[in-house]
Amino acid sequence: MKENIATIPLIKAFNTKDECPFCNLEREAEQHAVSFILGSAYMEDDIREKTDATGFCRHHFKMMYDYGNRLGNALILSTHLKKLNQELAKEMSDFAPGKSSLLKRMKRTDATSEHEPQTALGAWISKKTTDCYVCDHFRKIYGRYLDTFFDLYLKNEEFRQLFEESKGFCLPHFGDLIETAENKLNDAQKKEFYPKAFALMQENMERLQKEVAWFVEKNDYRNKDKDWGNSADSIQRGMQKCAGGYPADEVFRAKL
269 MKENIATIPL IKAFNTKDEC PFCNLEREAE QHAVSFILGS AYMEDDIREK
319 TDATGFCRHH FKMMYDYGNR LGNALILSTH LKKLNQELAK EMSDFAPGKS
369 SLLKRMKRTD ATSEHEPQTA LGAWISKKTT DCYVCDHFRK IYGRYLDTFF
419 DLYLKNEEFR QLFEESKGFC LPHFGDLIET AENKLNDAQK KEFYPKAFAL
469 MQENMERLQK EVAWFVEKND YRNKDKDWGN SADSIQRGMQ KCAGGYPADE
519 VFRAKL
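This is the structure in structure tokens:
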């Protein structure tokens with residue numbers, strides 16, 4: 269298979285035989301971003317300007333803390349907090365409460381429901397707590413990976429075989445792949461691709477269900493001498509399949 273700078277990471281990810289090649293690409297990208305910003309990059313003005321403006325999500329703040337380099341974290345956080353406080357002060361100064369009503373006051377608050385913020389301050393906070401330098405790093409290249417997938421699928425028989433022999437994808441990345449297919453494939457190509465993709469997902473979701481079920485059965489004393497098969501690590505792989513990511517990964521830390 270002819271490889272180039274656009275295809276190498278994707279082909280490499282499929283060759284890992286992972287539960288989801290796109291999870292593999294995402295992990296590589298976020299580890300690269302964290303090690304980059306907590307390497308010498310945190311001393312560069314242009315990088316600090318970006319991290320000051322964007323900040324980090326909860327997941328990647330935790331990842332940065334675990335990575336180490338307390339001074340680097342402190343320097344990034346100090347200037348980010350300075351900018352955040354300046355913006356917060358302005359948002360609170362400009363805050364204007366909306367008109368109250370009896371209906372609004374009687375309505376029960378559903379904190380779990382998704383809804384658009386009703387105030388400018390709420391919208392600002394929502395943006396600040398969801399924007400993330402590390403997430404943005406992957407999002408910028410993720411679209412290219414999805415496009416490259418379909419370019420290879422349509423033009424390269426060897427890659428198509430890699431896809432058909434893969435373990436499928438996690439549900440979130442499978443959803444993205446299907447949404448991309450709607451724009452990248454013509455009607456005839458969709459007629460071929462969707463049945464293959466759906467069969468692949470169904471087969472591998474059912475495989476994992478059986479592996480996790482055997483993990484449960486294996487803990488019955490009557491099965492203690494039977495082979496674990498592929499079920500020993502099925503819990504973390506099942507979690508990955510459902511939601512993406514690698515729940516059993518060791519903490520990503522700086523190499524000393």
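Start counting the sequence shown at 269; every next residue gets the next number (the working numbering). The beta carbon of each residue, even a glycine, is placed where N, CA and C say it ideally should be.
Tyrosine 310 and tryptophan 392 have their C-alpha atoms roughly 25 Å apart. Bounds of any alpha helix (DSSP H) do not take in valine 519, whose DSSP letter is neither H nor E. Judged by DSSP secondary structure, lysine 458 falls within the alpha helix (DSSP H) whose first and last residues are 455-486. With fewer than 16 other CB atoms across the displayed protein chains lying within 10 angstroms of its CB, valine 484 is exposed.
Annotation: threonine 322 to alanine 342 spans about 16 Å, alpha carbon to alpha carbon. Between phenylalanine 406 and glutamate 298, the CB-CB gap stays under 8 Å. Per DSSP, the unbroken alpha helix (DSSP H) holding threonine 448 starts and ends at 439-452.
Classified as buried, leucine 278 has 16 or more neighbouring CB atoms from the shown chains inside 10 Å of its CB.
Look at isoleucine 273 here: in three-state DSSP terms it is coil, with no helix or strand label. Alanine 522 sits close to tyrosine 335, with the two beta carbons spaced by under 8 Å. Around the C-beta of histidine 328, 16 or more other C-beta atoms lie within 10 Å, and the residue is accordingly described as buried. Note on geometry: alpha-carbon atoms of phenylalanine 282 and lysine 395 lie some 34 Å from one another. For tryptophan 392, the uninterrupted alpha helix (DSSP H) run begins and ends at 388-398, by DSSP.
Here phenylalanine 418 is not near leucine 468, since their CB atoms are 8 Å or more apart. Under the three-state reduction of DSSP, tyrosine 410 is assigned to helix.
For a cut-off of 8 Å, the C-beta gap from cysteine 325 to glutamine 508 is around 19 Å, too long to register as a contact.
Rounded to the nearest angstrom, the gap between the Cα atoms of phenylalanine 427 and isoleucine 409 is 20 Å. The alpha-carbon of lysine 494 is positioned some 35 Å away from that of phenylalanine 520. Take cysteine 400, set aside five residues on each side of it, and the residues of its chain with a beta-carbon closer than 6 Å to its own are Phe324, Cys325, His328, in chain order.
Close CB contacts of leucine 430 within its chain, under the 6 Å cut and outside five residues either way in sequence, are with Phe282 (chain order). By the neighbour-count criterion, in which a residue is buried when 16 or more other Cβ atoms sit within 10 angstroms of its Cβ, serine 499 is buried.
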